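Take a look at the structure below.
Residue numbers (this note's numbering): 196 to 262.
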């Protein structure tokens, strides 16, 4: 089974958007005992960054495949 969680990251500038997106992409997800999940998951970008009024945005999806 594949689990997905969607999110739109909104910031006030391109630099802060890049920083926040990179933080999500580099994050490791561990269980409560400190071990990496057996079903690894990670954030991925969906399409290109875009502007919504004054906000700079990036659509993201967290995908995790469970056995």
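For glycine and all other residues, C-beta sits at the position ideal for the given N, C-alpha and C.
These numbers come from a predicted model, not from an experiment.
Of the listed residues the options, nearest to residue i (C-alpha basis)
i: residue 281; options: 197, 258, 198, 218; result: Residue 281 cannot be examined here, being either before or after the span of the chain that is shown, 196 to 262.
i: residue 244; options: 209, 220, 218; result: 209
Under 8 Å between C-beta atoms of residue i and residue j
i: residue 206; j: residue 250; result: yes
i: residue 216; j: residue 239; result: no
i: residue 214; j: residue 255; result: no
Simplified DSSP assignment, three categories, for residue i
i: residue 221; result: helix
i: residue 215; result: helix
Same chain only: Cβ atoms within 6 Å of residue i, ignoring 5 sequence neighbours per side
i: residue 200; result: 257
Residue i Cβ short of 7 Å to the ligand SAM heavy atom set
i: residue 236; result: Questions concerning the ligand SAM fall outside what the structure shown contains, since it holds no ligand whatsoever.
Cβ neighbours of residue i in the same chain (closer than 8 Å, five flanking residues each side left out)
i: residue 197; result: 258, 259, 260, 261
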